[in-house]
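Report on the structure given below.
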Amino acid sequence: MILSLCFFTYFGIHADALKRGREWFEAPDWPPLVLWWHHKEGNPTWADGVARHAELHTQGPRAGEFDFKQAFVQRGDPVRLDKGRISLLRHSLPLQ
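Now the structure itself:
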């Protein structure tokens with residue numbers, strides 16, 4: 018699941034917008050995104066995201082909040098994304 022999210026974030030239509038981000042925004046002093054496994058019922062709230070983002074910024078990646086550079090599986094173990102698989106997926110995209 019993390020691999021799919023990474024692929025969506027950095028390739029395809031979403032990637033086109035990210036390429037222009039430096040034109041639109043100043044470089045932040047904080048992580049650009051935060052990921053976490055949501056185990057509760059319902060959707061996470063904005064406040065949940067802000068709190069996790071702050072934790073990632075102050076504590077660094079860990080099982081409770083992480084990024085694509087240092088991800089964690091649901092049970093809390095660290096995992097490295099397979100860059101070879103991402104590359105294969107990327108090259109399988111139709112030209113846009």
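Letter by letter, the sequence shown follows residues 18 to 113 of the numbering used here.
By construction, the Cβ of each residue, glycine as well, lies at the ideal position given by its N, Cα and C atoms.
Look at the alpha carbon of residue i and the alpha carbon of residue j, and state the distance between them as a whole number of angstroms.
| i | j | result |
| --- | --- | --- |
| His55 | Arg37 | 30 Å |
| His74 | Trp47 | 6 Å |
| Asp33 | Pro95 | 29 Å |
| Phe28 | Glu43 | 22 Å |
| Trp41 | Pro49 | 14 Å |
Name the one or two DSSP bridge partners that residue i has.
| i | result |
| --- | --- |
| Ala88 | Val96 |
Can you say whether residue i is buried or exposed, counting buried as having 16 or more other CB atoms within 10 angstroms of its CB?
| i | result |
| --- | --- |
| Val51 | buried |
| Ala88 | buried |
Which same chain residues, not among the five before or five after residue i, have their C-beta less than 8 Å away from its C-beta?
| i | result |
| --- | --- |
| Gly66 | Val51 |
| Glu82 | Val51, Leu52, Trp53, Arg69, His70, Glu72, Leu73 and Gln76 |
Leaving out the 5 sequence neighbours to the left and right, which residues in its chain are closer than 7 Å to residue i when beta-carbon positions are compared?
| i | result |
| --- | --- |
| Pro45 | none |
Assuming residue i is part of the alpha helix (DSSP H), what are its boundary residues?
| i | result |
| --- | --- |
| Glu40 | Gly38 to Trp41 |
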